[in-house]
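A.B. asks: The structure's right below; bear with me while I get my questions together.
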Amino acid sequence: MSFLDSFFARKRPSSSSVARNRLQILLAHERGAEAEGDSTLLRTLHREILEVLARHVTVDQDNVNIKLDRGEHCSTLEIDIQVPESGLRAHVSTQASHEPDPS
Amino acid sequence: MAQIIVVTSGKGGVGKTTTTAALGAALARNGQNVAVVDFDVGLRNLDLIMGAERRVVFDLINVVQGDAKLNQALIRDKRCETLSILPASQTRDKDSLTAEGVSRVMSELSEKFDWILCDSPAGIERGAQLAMHHADHAVIVTNPEVSSVRDSDRIVGMLDSRTARAARGERVEKHLLLTRYDPARAARNEMLSVDDVIEILSLPLLGVIPESEDVLKASNVGAPVTLAAPDSAPAKAYFEAVRRLEGEDLKVSIPTEKRGFLDFLFKKRGS
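Residue numbers (this note's numbering), protein chains in the order written: chain W, 1 to 103; chain E, 104 to 374.
As structure tokens, then:
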């Protein structure tokens, strides 16, 4: 770097630092936009699935995991619900009340 | 089982084909069995960069459609017998590539080779997605320039969501390869530095290939730069990148500015 370059460098930011800042702002925005659309959808699904489940079984909201994988031709929505022993018993007992006990 | 590497970038003209040829030849020189596969249907160029353009009889689409056997389409390199190229079609429509056909070709190649390097077309559409689909590793070729960095970021997002590995809940191993790097301009803060690009993309660095006349010279004569000029700066950087791909823990050498006499005089003033 010549003396003149370093003299002018003090006056205005270098073009590479402008490039770096522009990219950092742009990419933060673009990454956010992509993830945000999905996360709104996932939050809604999570809430509504819990509502339906709550009518029949007891499920802790931390035990409902929803994952979305986007592909070109098809996307997969993976829903993993862990029902605790006690929650399942509540479900079985409502079923049992409709059917006569075999024993 | 072969290691499958996609050489990708989003943006065109950043050096994907040059890199595929150079890395493929460098791996082959280390005694590995390597296939380089051109996915750029309609605009094939890997054959030209490798100097095999007059030996193309059958291509990837012929194999995908069952019109030719894989062995009939593979061209063995004349300089390096463990290196083969599977050319893309020049005339066919890019829609002739089917996902099933590509899967079949990839698994057949996996039985014969140690490494499969897939040269992706530019863009983020079907061809690029097919090229990355089976990859275990991705070499993301990026120039120190804003549009290239932005496109690389898009490709990273796709590697994390639309590949076979992503569908299995695994990750494609991503590697940043910075090409056409001009250390003098970076030192004058006229070009994004290596650290800038690493920080923005947050990817591990595979190598830095300096801008060099040797790359164009090698393509003029139809040879990967790692074979045409193995002692040149870009070839050395590619050889280093290959050692890293093979698992060696090797510090990345960053090209430095060549100082002229005047630069030397002003050394203390420069930053």
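Here a beta-carbon is modelled for each residue, glycine too, at the ideal position from N, C-alpha and C.
Using the rule of at least 16 other Cβ atoms within 10 Å of the residue's Cβ for burial, across every protein chain shown, is E:Trp218 buried or exposed?
C.D. replies: That one is buried.
A.B. asks: In three-state DSSP terms, what is W:Ser14?
C.D. replies: Here W:Ser14 sits in coil by DSSP.
A.B. asks: Give the single residue among E:Val109, E:Pro247 and E:Ser192 whose Cα lies nearest to the Cα of E:Asp298.
C.D. replies: E:Pro247
A.B. asks: Output the distance between the C-alpha atoms of E:Gly373 and E:Val110, rounded to the nearest integer angstrom.
C.D. replies: Any reading at E:Gly373 must be qualified, since the residue scores a pLDDT of 41, below 50, and its modelled position is unreliable; no value is offered.
A.B. asks: Would the region 171 to 183 of chain E count as touching the region 347 to 363 of chain E if we require 3 or more Cβ pairs under 8 Å?
C.D. replies: With the cut-off at 8 Å, the region 171 to 183 of chain E and the region 347 to 363 of chain E do not touch.
A.B. asks: Rounded to whole angstroms, what is the Cα-Cα separation between E:Ala202 and E:Ala269?
C.D. replies: 16 Å
A.B. asks: Verify the CB distance criterion: does E:Val249 have a CB-CB separation below 8 Å to chain W?
C.D. replies: With 8 Å as the cut-off, E:Val249 counts as an interface residue toward chain W.
A.B. asks: If you reduce the DSSP assignment to three classes, tell me which class W:His50 lands in.
C.D. replies: With the sequence shown as reference, residue 50 of chain W is identified as Leu, and His is not the correct amino acid for it. W:Leu50: helix per DSSP, three-state reduction.
A.B. asks: Considering only residues of the same chain and omitting the five flanking positions on each side of E:Arg257, which have a CB-CB separation below 8 Å?
C.D. replies: Gly113 and Ile227
A.B. asks: Could you check the C-alpha separation between E:Lys339 and E:Thr122 for me, to the nearest Å?
C.D. replies: 13 Å
A.B. asks: Please list the terminal residues of the continuous alpha helix (DSSP H) segment that includes E:Ile258.
C.D. replies: Val249 to Ser264
A.B. asks: Taking the continuous beta strand (DSSP E) assigned at E:Gln106, which residues delimit it?
C.D. replies: Run containing E:Gln106: Gln106 to Thr111, per the beta strand (DSSP E) assignment.
A.B. asks: In angstroms, rounded to a whole number, what distance separates the CA positions of E:Ile312 and E:Asp285?
C.D. replies: Rounded to the nearest angstrom, the two C-alpha atoms are 9 Å apart.
A.B. asks: Can you confirm whether the region 186 to 198 of chain E touches the region 140 to 160 of chain E when touching is taken to mean that 3 or more C-beta pairs between the two stretches lie within less than 8 Å?
C.D. replies: yes
A.B. asks: Quick check: what's the CA-CA separation for E:Glu314 versus E:Val249?
C.D. replies: Rounded to whole angstroms, E:Glu314 to E:Val249 spans 17 Å at the Cα level.
A.B. asks: Indicate the three-state DSSP secondary structure (helix, strand or coil) for E:Asp334 in the structure shown.
C.D. replies: coil
A.B. asks: Going along the chain, which residues of its own chain have a beta-carbon closer than 7 Å to the beta-carbon of E:Arg179, five neighbours each way excluded?
C.D. replies: Ser187
A.B. asks: Identify the continuous beta strand (DSSP E) that holds E:Lys320 and give its terminal residues.
C.D. replies: Counting along the chain, E:Lys320 falls outside any beta strand (DSSP E), though it belongs to the alpha helix (DSSP H) covering Glu316 to Val324.
A.B. asks: List the residues of chain E that W:Ala54 touches, going by C-beta distances under 7 Å, in chain order.
C.D. replies: Ordered by position in chain E, no residue passes the 7 Å Cβ test against W:Ala54, which lies about 28 Å from the chain.
A.B. asks: Spell out whether any CB of chain W is found under 8 Å from the CB atom of E:Leu295.
C.D. replies: Closer than 8 Å to some Cβ of chain W, the Cβ of E:Leu295 qualifies, so yes.
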